[in-house]
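Peer 1: Residue numbers (mature numbering (1 follows the signal peptide of the UniProt record, and there is no 0)): -22 to -1, 1 to 299.
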């Protein structure tokens, strides 16, 4: 009986391990957790290095490491700017806040040693892209980082009911440049499922069931694509709280902005001991707004970020990332 229990425990552990492995096996060179990007270079993960300018291919034993940097589209491929911290004889790390990056869904990057030697990924790595310079392929690969990533506590769960006889189901979309291998879904009792952590924005996606592309049959929000079919659409939003300090004698304060077509009546702010507040979900990107205090329009006095709109009006600006 004890032996049976042990076998069951080992089987459950193996299934859990396989599930975790399936979600993380394809990412190389970085992890994202709690809005922190950790770049991780392990020299043991690379067998070839290319010398800058000459293109000479070297092995790790051909040179000594003085320092390692992260170089990519996000820092204009700087060789010196993003120096990494040495953890041990093999591993170097650098942590960055994901909010420090621009609004792109993915970036290409590489590791460069001593400002001169590029660590070369292989075609076996899942998150790669063919390196191109001035329209010419270089015969090597760059790593790719995606802002969307599998997480059991993520903010978007994709479900596909049925297809229990399918061997593999992949989630592909604008959030991973329609990669056909990266996000393999997990089989469940009802079908297939995958939870991602995603930045606020509007995304398009499809499922790939054993190589066949299809829209999400349970999502009515969709848009036509170039193949005379449809992509499913998902709008990831983030709750934002707008606050106006003071104005205790005001009878009514309205929040109006580009997010509600500047409606002068819809969003009535709530009075507090400090002023007025209102929370609402917003999509990713730039939003213009103003407060209307007893009929008088004002910009946010505590927000220095302002812009003119197309009609010449100056508005406060809030960026949702």
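In this text, a Cβ means the ideal position worked out from N, Cα and C, and glycines have one as well.
(1) For residue 293, is the classification buried or exposed, using 16 other Cβ atoms within 10 angstroms of its Cβ as the cut-off for buried?
(2) Determine the closest residue to residue 35 out of 296, 193, 99, with distance taken between C-alpha atoms.
(3) Nearest to residue 37 by alpha carbon, out of 95, 44, 65?
(4) What residue from 224, 241, 236 has the CA that sits closest to residue 248's CA?
(5) Beta-carbon within less than 7 Å of residue 228's beta-carbon, same chain only, minus the 5 sequence neighbours each way: which residues are those?
(6) Helix, strand or coil, according to DSSP, for residue 39 in the structure here?
(7) Measure the Cβ-Cβ separation of residue 177 and residue 262 and say whether it is below 7 Å.
(8) Pull up the DSSP beta-bridge partners for residue 185, would you.
(9) Would a C-beta distance cut-off of 7 Å place residue 48 and residue 27 closer than the cut-off?
(10) Residues in the same chain with beta-carbon distance under 7 Å from residue 213, minus the five sequence neighbours each way, listed in chain order, please.
(11) Nearest chain B C-beta to residue 236 closer than 7 Å, yes or no?
(12) Quick one: is residue 198 buried, meaning 16 or more other Cβ sit within 10 Å of its Cβ, or exposed?
(13) State the beta-bridge partners of residue 28 as determined by DSSP.
(14) Do residue 73 and residue 125 come within 7 Å of each other at the CB atom, strictly closer than that value?
(15) Kindly confirm or deny that the stretch 162 to 175 and the stretch 226 to 243 touch, where touching means at least three C-beta pairs closer than 8 Å.
(16) List in chain order: all unbroken beta strand (DSSP E) runs of 3+ residues lying wholly within the stretch 199 to 232.
(17) Distance check for residue 164 and residue -2, CA to CA, integer angstroms please.
(18) Between the Cα of residue 325 and the Cα atoms of 131, 135, 130, 101, which residue gives the shortest distance?
(19) Just the C-alpha distance for residue 226 and residue 131, rounded to the nearest angstrom, thanks.
(20) Out of 20, 40, 127, state which residue places its alpha-carbon closest to the alpha-carbon of residue 11.
(21) When burial is assigned at 16 or more other CB atoms within 10 Å of the CB, is residue 188 buried or exposed?
(22) Going by CA-CA distance only, name the one from 145, 159, 144 that's closest to residue 151.
(23) Measure the CB-CB distance between residue 70 and residue 62 and report whether it falls below 7 Å.
(24) Using DSSP bridges, identify the partner residues of residue 161.
(25) Helix, strand or coil: how does DSSP classify residue 47 here?
(26) For the ligand GTP, is there any heavy atom lying closer than 6 Å to the beta carbon of residue 139?
(27) With respect to the beta strand (DSSP E) encompassing residue 9, which residues constitute its N-terminal and C-terminal limits?
(28) Can you tell me the Cβ-Cβ gap for residue 264 and residue 276, rounded? I've got them flagged as a contact below 8 Å.
(29) On the three-state DSSP scale, how would you describe residue 236?
(30) Assign residue 105 to one of three DSSP states: helix, strand, or coil.
Peer 2: In this structure, then:
(1) Against the chain shown, residue 293 aligns to sequence position 315. Under this definition residue 293 is a buried residue.
(2) In the chain shown, counting from the first residue as 1, residue 35 sits at position 57. Residue 99 is the option with its Cα nearest to residue 35.
(3) Within the chain shown, the letter at position 59 stands for residue 37. It is 95 whose Cα lies nearest to the Cα of residue 37.
(4) On the chain shown, position 270 is the one that residue 248 refers to. The shortest C-alpha separation from residue 248 is found at 224.
(5) For the purposes of this step, residue 228 is taken as the residue at position 250 of the chain shown. Once the five neighbours on either side are set aside, the close Cβ partners of residue 228 are 271, 272.
(6) As a first step, residue 39 must be located in the chain shown, where it is residue number 61. In the structure shown, residue 39 sits in a helix (DSSP, three-state: H, G or I).
(7) Walking along the chain shown from the start, residue 177 turns up at place 199. Walking along the chain shown from the start, residue 262 turns up at place 284. For the 7 Å CB-CB criterion, residue 177 and residue 262 form a contact.
(8) Residue 185 sits at position 207 when you count from the first residue of the chain shown. Answer is 149, 192, bridged to residue 185.
(9) The count along the chain shown starts at 1 and reaches residue 48 at position 70. The count along the chain shown starts at 1 and reaches residue 27 at position 49. For residue 48 and residue 27, no; Cβs fall outside 7 Å.
(10) Here residue 213 refers to the residue found at position 235 when the chain shown is read from its first residue. Around residue 213: 180, 261.
(11) As a matter of chain content, chain B is missing from the structure shown, which is built from one protein chain.
(12) If you number the chain shown from 1, residue 198 lands on position 220. Counting Cβ neighbours within 10 Å, residue 198 comes out exposed, since fewer than 16 surround it.
(13) As a position in the chain shown, residue 28 is number 50, starting the count at 1. Paired residue(s): 35, 96.
(14) In the chain shown, counting from the first residue as 1, residue 125 sits at position 147. In the chain shown, counting from the first residue as 1, residue 73 sits at position 95. Cβ atoms of residue 125 and residue 73: not closer than 7 Å.
(15) no
(16) Runs of the beta strand (DSSP E) inside the stretch 199 to 232: 200 to 202, 208 to 223.
(17) The sequence position of residue -2 within the chain shown is 21, counting from 1. The sequence position of residue 164 within the chain shown is 186, counting from 1. Note that residue -2 has pLDDT 36, beneath the 50 cutoff, so the model's placement of it is unreliable and the number below is only indicative. Just so you know, the alpha carbons of residue -2 and residue 164 end up roughly 11 Å apart.
(18) The structure shown does not extend to residue 325, since the chain spans only -22 to 299, so no value can be given for it.
(19) By one-based count along the chain shown, residue 226 stands at place 248. By one-based count along the chain shown, residue 131 stands at place 153. Cα to Cα, residue 226 sits roughly 40 Å from residue 131.
(20) As a first step, residue 11 must be located in the chain shown, where it is residue number 33. Checking every option, the nearest Cα to that of residue 11 belongs to 127.
(21) Taking the first residue of the chain shown as 1, we reach residue 188 at position 210. Exposed: under 16 other Cβ atoms inside 10 Å.
(22) Within the chain shown, the letter at position 173 stands for residue 151. Nearest C-alpha to residue 151: 159.
(23) Within the chain shown, numbered from 1, the residue matching residue 70 stands at position 92. Within the chain shown, numbered from 1, the residue matching residue 62 stands at position 84. Yes, the Cβ-Cβ distance between residue 70 and residue 62 is below 7 Å.
(24) As a working mapping, residue 161 is identified with position 183 in the chain shown. Answer by DSSP bridge pairing, in chain order: 149.
(25) For the purposes of this step, residue 47 is taken as the residue at position 69 of the chain shown. Three-state DSSP puts residue 47 in a strand.
(26) The ligand GTP is not among the ligands present in this structure, which contains no ligands whatsoever.
(27) By one-based count along the chain shown, residue 9 stands at place 31. From DSSP, the beta strand (DSSP E) with residue 9 extends over 8 to 11.
(28) As a first step, residue 264 must be located in the chain shown, where it is residue number 286. As a first step, residue 276 must be located in the chain shown, where it is residue number 298. Cβ atoms of residue 264 and residue 276 stay farther apart than 8 Å, at about 20 Å.
(29) Here residue 236 refers to the residue found at position 258 of the chain shown. Reduced to three states, the DSSP call for residue 236 is helix.
(30) For the purposes of this step, residue 105 is identified with residue 127 of the chain shown, where counting begins at 1. Note: residue 105 maps to coil in three-state DSSP.
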